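As you go down the protein sequences, you meet chains A and B in turn. In this text, residue positions in the first sequence follow UniProt numbering: the first is 1, and each later residue adds one. In this text, residue positions in the second sequence follow UniProt numbering: the first is 1, and each later residue adds one. Here's the structure, in structure tokens; my notes come after.
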Amino acid sequence: MPFGPDNIIVLLSSLLALLLFTIALLTYIRERRRKLLFVTGAFLFYFLMTFLDATEEFFPKNGDTIEFIASSFNFIVLLLFSIAILTKD
Amino acid sequence: MELELKVRRRIYDLIRTFPGIHLRELERRPDIVIGSLQYHLHYLEKKRLIYSFKDEEFVRYFTRDRILEENEKNILALLRRTGCRHILINLLQNEGMNNGELSNAIGLAPSTTSWHLNKLLRGQVITKIKNGRESHFVLNEPERVAELLICYKESFLDSLLDNFAEMWDLKKARKKD
């Protein structure tokens, strides 16, 4: 399978999402604020979503399950960000 | 008080970065006011944050490795939070400020300020004094807080986490200490 620039971008996105999740988690551990917990959750699902994307790029599988899970994660990410914005600490 | 803290921190940082630095070298720094330098050095020595010894014609300064007591570790942990740190600096300058005054001074929403104040109250760093319907806050050990503010050094991780937390505080206008 050719290793193109799109693969690199997907991989980089996944790593960046993991970094953002780690920062969010550390901030939540320090601050213990509900708003940050939702943001941490959103970044976790964002990371899982990009991770799924990356695995699909490198190990293509056929089936709608992965696509359904990725779409669900997409929805959860947006939902968690919305809750974080609406949450008052 | 804030200016004094800044100058003392600057002097302390210089001595920590350049162990054995002498008075003349400190005087040459453009950001150090010569007139008050000896007074601040004397203060830092008295508080056992630095020590000096005479090396021929120079008096050389070194930072003292301080073994932190349990409550000092607790104060330092709270100083890592920007909100708490700003509250403590403000209370050092104006003892007895209330939630609203502190909220205005540090640029945080009253609810967020209250959250930080509760952390400081639980850590027994400050005390709440009820005056009718208003609550005023005072530091339990202002001298110790001032000393620890000199020792405190913001790490890259602290500032990274502060920036991240700040992104989610819409009403906050960042104030640098």
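From the three backbone atoms N, C-alpha and C, an ideal C-beta is built for every residue, glycine too. Quick caveat, the model's predicted, so the values are computed rather than measured.
In the DSSP assignment, the beta strand (DSSP E) including residue i goes from what residue to what residue?
i	result
valine 59/B	58 to 63
Less than 8 Å between CB atoms is the rule here; does residue i satisfy it with respect to chain B?
i	result
leucine 86/A	no
residue 103/A	This structure cannot speak to residue 103/A, because chain A is shown only from 1 to 89.
isoleucine 83/A	no
alanine 24/A	yes
threonine 65/A	no
threonine 27/A	yes
Would you please state the rounded distance, in angstroms, between the beta carbons of residue i and residue j? I believe it to be under 8 Å.
i	j	result
isoleucine 87/B	leucine 76/B	The Cβ separation is near 15 Å, so there is no contact.
leucine 44/B	isoleucine 89/B	At roughly 18 Å, the Cβ-Cβ gap does not stay under 8 Å, so leucine 44/B and isoleucine 89/B are not in contact.
glycine 123/B	leucine 92/B	Not confirmed; about 16 Å, so no contact.
Note the first and the last residue of the continuous alpha helix (DSSP H) segment covering residue i.
i	result
alanine 90/B	Checking the sequence, you will find asparagine at residue 90/B rather than alanine. Note, asparagine 90/B: alpha helix (DSSP H), 82 to 93.
phenylalanine 156/B	156 to 167
glycine 100/B	99 to 106
glutamate 147/B	142 to 151
leucine 78/B	70 to 79
aspartate 64/A	64 to 86
valine 10/A	5 to 31
Closer than 8 Å, CB to CB, is residue i near chain A or not?
i	result
serine 159/B	no
lysine 175/B	Note that lysine 175/B scores a pLDDT of 43, beneath 50, so its modelled location is shaky; the value from the coordinates is reported in the next line. Cβ-Cβ to chain A under 8 Å: no for lysine 175/B.
phenylalanine 156/B	no
alanine 105/B	no
lysine 171/B	Reliability fails at lysine 171/B, whose pLDDT of 45 lies under 50, so the model's placement of it is uncertain and the value that follows must be treated cautiously. Judged by the 8 Å Cβ criterion, lysine 171/B is not in contact with chain A.
arginine 81/B	yes
phenylalanine 164/B	yes
Does the beta carbon of residue i come closer than 8 Å to any beta carbon on chain E?
i	result
glutamate 31/A	No chain E is part of this structure, whose protein chains are labelled A and B.
Notebook entry, point to check: Curious, which full-length beta strand (DSSP E) runs of at least 3 residues does the segment 108 to 136 of chain B contain?
Noted result: Taking 3 residues as the shortest admissible run, the segment 108 to 136 of chain B contains the following complete beta strand (DSSP E) segments, listed from N- to C-terminal end: 126 to 131.
Output needed in chain order: residues of the segment 33 to 45 of chain A with a Cβ under 7 Å from some Cβ in chain B. From the segment 33 to 45 of chain A, only Lys35, Leu36, Val39 have a Cβ closer than 7 Å to chain B.
Q) What residues from the segment 96 to 120 of chain B come within 7 Å of chain A, judged by C-beta to C-beta, listed N to C? A) Cβ contacts with chain A: Ser111, Thr112, Trp115.
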